[in-house]
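For the protein sequence lines, the chains are V and G, in the order given.
Okay, so the first sequence: first residue is 1 according to the UniProt record's numbering, each after it adds one.
Okay, so the second sequence: first residue is 1 according to the UniProt record's numbering, each after it adds one.
C-beta atoms are modelled at their ideal positions from N, C-alpha and C, and glycine is treated no differently.
All values derive from a computational prediction rather than experimental measurement.
The block underneath contains the structure these notes are about, expressed in structure tokens.
2 protein chains.
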Amino acid sequence: MATIRDVAKEAGVSVATVSRVLNETGYVHEDTRKRVTGAMKNLNYSPNEVARSLYKKKSKLIGLLLPDITNPFFPQLARGVEDELQKGGYRILFGNSDENAEKELDYLNTFIQNNVVGIISATNNKSKTNYDGLSIPVVFLDRTSSDYPSVYADGKEGGRIAAGEIVKRGSKRITLLKGPAHIQPALDRFQGALEELSRSDIDFHVMSTTSFAFEDAEKWAKELFSMYPDTDGVLASNDIVATAILHEALRLGKAIPEDIQIIGFDDIPQSSLLFPSLSTIRQPAYEMGKEAVQLLIKLINSEPVHQQHIQMPVTFIERHTTRKVDTNG
Amino acid sequence: MATIRDVAKEAGVSVATVSRVLNETGYVHEDTRKRVTGAMKNLNYSPNEVARSLYKKKSKLIGLLLPDITNPFFPQLARGVEDELQKGGYRILFGNSDENAEKELDYLNTFIQNNVVGIISATNNKSKTNYDGLSIPVVFLDRTSSDYPSVYADGKEGGRIAAGEIVKRGSKRITLLKGPAHIQPALDRFQGALEELSRSDIDFHVMSTTSFAFEDAEKWAKELFSMYPDTDGVLASNDIVATAILHEALRLGKAIPEDIQIIGFDDIPQSSLLFPSLSTIRQPAYEMGKEAVQLLIKLINSEPVHQQHIQMPVTFIERHTTRKVDTNG
Numbered sequence: 001m002a003t004i005r006d007v008a009k010e011a012g013v014s015v016a017t018v019s020r021v022l023n024e025t026g027y028v029h030e031d032t033r034k035r036v037t038g039a040m041k042n043l044n045y046s047p048n049e050v051a052r053s054l055y056k057k058k059s060k061l062i063g064l065l066l067p068d069i070t071n072p073f074f075p076q077l078a079r080g081v082e083d084e085l086q087k088g089g090y091r092i093l094f095g096n097s098d099e100n101a102e103k104e105l106d107y108l109n110t111f112i113q114n115n116v117v118g119i120i121s122a123t124n125n126k127s128k129t130n131y132d133g134l135s136i137p138v139v140f141l142d143r144t145s146s147d148y149p150s151v152y153a154d155g156k157e158g159g160r161i162a163a164g165e166i167v168k169r170g171s172k173r174i175t176l177l178k179g180p181a182h183i184q185p186a187l188d189r190f191q192g193a194l195e196e197l198s199r200s201d202i203d204f205h206v207m208s209t210t211s212f213a214f215e216d217a218e219k220w221a222k223e224l225f226s227m228y229p230d231t232d233g234v235l236a237s238n239d240i241v242a243t244a245i246l247h248e249a250l251r252l253g254k255a256i257p258e259d260i261q262i263i264g265f266d267d268i269p270q271s272s273l274l275f276p277s278l279s280t281i282r283q284p285a286y287e288m289g290k291e292a293v294q295l296l297i298k299l300i301n302s303e304p305v306h307q308q309h310i311q312m313p314v315t316f317i318e319r320h321t322t323r324k325v326d327t328n329g
Numbered sequence: 001m002a003t004i005r006d007v008a009k010e011a012g013v014s015v016a017t018v019s020r021v022l023n024e025t026g027y028v029h030e031d032t033r034k035r036v037t038g039a040m041k042n043l044n045y046s047p048n049e050v051a052r053s054l055y056k057k058k059s060k061l062i063g064l065l066l067p068d069i070t071n072p073f074f075p076q077l078a079r080g081v082e083d084e085l086q087k088g089g090y091r092i093l094f095g096n097s098d099e100n101a102e103k104e105l106d107y108l109n110t111f112i113q114n115n116v117v118g119i120i121s122a123t124n125n126k127s128k129t130n131y132d133g134l135s136i137p138v139v140f141l142d143r144t145s146s147d148y149p150s151v152y153a154d155g156k157e158g159g160r161i162a163a164g165e166i167v168k169r170g171s172k173r174i175t176l177l178k179g180p181a182h183i184q185p186a187l188d189r190f191q192g193a194l195e196e197l198s199r200s201d202i203d204f205h206v207m208s209t210t211s212f213a214f215e216d217a218e219k220w221a222k223e224l225f226s227m228y229p230d231t232d233g234v235l236a237s238n239d240i241v242a243t244a245i246l247h248e249a250l251r252l253g254k255a256i257p258e259d260i261q262i263i264g265f266d267d268i269p270q271s272s273l274l275f276p277s278l279s280t281i282r283q284p285a286y287e288m289g290k291e292a293v294q295l296l297i298k299l300i301n302s303e304p305v306h307q308q309h310i311q312m313p314v315t316f317i318e319r320h321t322t323r324k325v326d327t328n329g
């Protein structure tokens, strides 16, 4: 690979001159500048970004911390982050925290040590002390924060919409599944649904669950139908849990959506691949990733930011686990 | 954050001494070394990795290039890469190439500019010129290469196994779906299946397809059943395509696995979430990621490598889209 010395030789100038062109410092005659950039092009020369970041005290690296890329909600989110960063010439340093505070801190430290200029964090760890005292901008993603800029979906509204839709479509004995208590977005959607159901005159049960893992969800699905065999509508805590409920209902020979309606939450890609395909509340994961990057880049460039907390809209995706609304009233 | 000056002050030594301790160069008395490391600990001092990588000419960064993280095969692969890199204290610089040669080259350049010490590439771009002339180790993942070290699953054997299993389980009029011609792993599995079917005395059709996208696969599924309405066994090019076939068969009122058996390829996480759950050939994505890292780290450390090309075993995962084998013969 060509070095700065090769470029200087090719252009017939000193290394210091090439350096001035590279770093846009000091005076360089226009003709000389053209000779140098021409030589760089001829030799396919790439300036060393690390050396440059030390010199300019600015890198083009962003740290991205996710709970777990194998959770099907996050690849879309990560892709939105990457596509938007790429437009600005930024690159991603990437880690999974597994919601483990120590692992999170470890990644944050190495992000800083590698001179990232900003961090996007989608972890759900309650303690924010890991982020205090950082001298670079941080944007939280899929997580509300009053102390830091953040981008998140309107979970409460999502819960309200899901409850409203299942009631409107005629379920009379609804089971509302409450997600893990330590995950704020799970609580938000639960509270929204609870609020809406309480306003209606429909009977409903609340069933608490402690994780989003499919293996656990299979057990809750069995429990649900043994405790409430005549439930005719389920508001699941997310799409993975909804999938387990759907399977158990099919196993029990229930007709979907005639005997029982099911609404998920998230709209992960596989929800449209189920049979029958899953009606759900869509969080715009890809767009949330892009939005977080736009906010972060403004903060990095010290541009004015009108909104530090961006709440993204959620929408009902009507598929085949809910009945059609009777439009004749 | 503490600086090297703070450490020197706390330890009562010069900055140069702290630097010698950090970089393990020159003589430092054991007591002094202990005072310095103690001060680092007290102050929670993290040496600047970028400065250190310039000095030592070694970073702890690895570049990871995937086709697309939103393709459900890749999150597991990426997770295997990350978990294994983390053990060695390495960090990931991450990008998606979208199988676009220009984007691939762009990422490779910025990886190099950021002083990565090795690259793992899972792209399927035929031209390898992007990688020629790199002075750091490269391992190809999920891709065979005679020129570079590589880790990949035994696709041909996978095709053979799938064909053997569907024949053993009694399908008589099999449809073999051939995946996109420009993707080598798709060709491998096709050729393996073709070989095995040709050895049997069973009738079969070959149907060519050009992508792994679900929307396309839905069209092929309809086409398949209109051209070969009495097919009673489908060897799909991957799990996404198998999912589309499964849905279309259910829509047509076929009983699975009684009327028709279906075998996928990959064992992506959602295959176990389908109903009926999908029998498939498992590629050990997570383990392949780990294996690629182990190979890469050996190359980085110039350790002896006995095998430059690591072929990982594939296995038949029996679920509910295939019949039980009649063990009474």
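{"Item": "Span separating the alpha-carbon of histidine 29 (chain G) from that of glycine 38 (chain G)", "Value": "14 angstroms"}
{"Item": "Pair within 8 angstroms by beta-carbon distance, residue 332 (chain V) and valine 15 (chain V)", "Value": "The question about residue 332 (chain V) has no answer here: the residues shown for chain V are numbered 1 through 329."}
{"Item": "Interfacial residues, the segment 72-101 of chain V to chain G, with Cβ spacing under 9 angstroms", "Value": "Pro72, Phe74, Pro75, Gln76, Ala78, Arg79, Glu82, Asp83, Gln86, Gly89, Arg91, Ile92, Leu93, Phe94, Gly95, Asn96"}
{"Item": "Distance CB(glycine 75 (chain V))-CB(isoleucine 120 (chain G)) smaller than 8 angstroms", "Value": "This sequence places proline at residue 75 (chain V); glycine is not what is there. Result no, Cβ atoms of proline 75 (chain V) and isoleucine 120 (chain G) do not sit closer than 8 angstroms."}
{"Item": "Short CB-CB distance (under 8 angstroms) between serine 46 (chain V) and chain G", "Value": "yes"}
{"Item": "Any chain V beta carbon closer than 8 angstroms to alanine 221 (chain G)", "Value": "no"}
{"Item": "Under 9 angstroms by beta carbon: chain G residues contacting phenylalanine 265 (chain V)", "Value": "Here the premise fails: no neighbours, minimum Cβ distance about 16 angstroms."}
{"Item": "Exposure of threonine 210 (chain G), with buried meaning 16 or more beta-carbon neighbours within 10 Å", "Value": "exposed"}
{"Item": "8 angstroms Cβ cutoff, isoleucine 112 (chain V) in contact with chain G", "Value": "yes"}
{"Item": "Whole-angstrom distance between glycine 89 (chain V) and serine 19 (chain V), CA atom to CA atom", "Value": "21 angstroms"}
{"Item": "Close-in-space but distant-in-sequence residues of the same chain around asparagine 238 (chain V) (CB under 7 angstroms, 5 per side omitted)", "Value": "Gly179, Phe212, Gly264, Phe265, Asp266"}
{"Item": "Which residues DSSP lists as bridging aspartate 266 (chain G), in chain order", "Value": "G:Arg282"}
{"Item": "Same chain only: Cβ atoms within 8 angstroms of glutamate 10 (chain G), ignoring 5 sequence neighbours per side", "Value": "Ala39, Asn42, Leu43"}
{"Item": "Isoleucine 166 (chain G) in three-state terms, based on DSSP", "Value": "helix"}
{"Item": "Any C-beta of chain V under 8 angstroms from that of isoleucine 4 (chain G)", "Value": "no"}
{"Item": "Buried versus exposed call for valine 325 (chain G) [16 or more other C-beta atoms within 10 Å across all chains shown]", "Value": "exposed"}
{"Item": "Isoleucine 136 (chain G) - containing beta strand (DSSP E), residue span", "Value": "That residue, isoleucine 136 (chain G), is in no beta strand (DSSP E); it is neither H nor E in DSSP."}
{"Item": "CB contact below 8 angstroms: threonine 175 (chain V) versus chain G", "Value": "no"}
{"Item": "Stretch-stretch touch, CB-based, cutoff 8 angstroms, three pairs: the segment 138-148 of chain G with the segment 163-180 of chain G", "Value": "no"}
{"Item": "Min CB distance histidine 247 (chain V) to chain G below 8 angstroms", "Value": "yes"}
{"Item": "Leucine 296 (chain G) at chain V interface by Cβ criterion, 8 angstroms", "Value": "no"}
{"Item": "Min CB distance residue 331 (chain V) to chain G below 8 angstroms", "Value": "Chain V is shown only over 1 to 329; residue 331 (chain V) falls outside these bounds and no answer can be derived."}
{"Item": "Reduced DSSP secondary structure (H/G/I, E/B, other) of asparagine 115 (chain V)", "Value": "coil"}
{"Item": "Proximity test, Cβ basis, 8 angstroms: phenylalanine 225 (chain G) and chain V", "Value": "no"}
{"Item": "Alpha carbon of valine 116 (chain G) to alpha carbon of lysine 222 (chain G), nearest angstrom", "Value": "47 angstroms"}
{"Item": "C-beta atoms of isoleucine 245 (chain V) and phenylalanine 214 (chain V) nearer than 8 angstroms", "Value": "no"}
{"Item": "Short Cβ contact (8 angstroms threshold) for alanine 153 (chain G) with alanine 193 (chain G)", "Value": "no"}
{"Item": "Paired residues, beta bridge with leucine 64 (chain V) - DSSP", "Value": "V:Phe94, V:Ile120"}
{"Item": "is_contact[threonine 209 (chain G), chain V] using C-beta, thresh 8 angstroms", "Value": "no"}
{"Item": "C-beta contact flag for serine 279 (chain G) and threonine 321 (chain G) at 8 angstroms", "Value": "yes"}
{"Item": "Nearest-angstrom Cα separation, counted from asparagine 124 (chain V) out to asparagine 124 (chain G)", "Value": "35 angstroms"}
{"Item": "Against chain V: residues of the segment 299-327 of chain G by CB proximity under 7 angstroms", "Value": "none"}
{"Item": "Among V:Pro313, V:Tyr148, V:Leu77, the one whose alpha carbon lies nearest that of valine 305 (chain V)", "Value": "V:Tyr148"}
{"Item": "Member of V:Tyr228, V:Leu296, V:Val36 whose CA lies at the smallest distance from the CA of valine 206 (chain V)", "Value": "V:Tyr228"}
{"Item": "Best match in G:Thr231, G:Leu134, G:Leu187, G:Lys58 for proximity to arginine 143 (chain G) [C-alpha to C-alpha]", "Value": "G:Leu187"}
{"Item": "Beta strand (DSSP E) segment containing aspartate 203 (chain G), residue limits", "Value": "203-208"}
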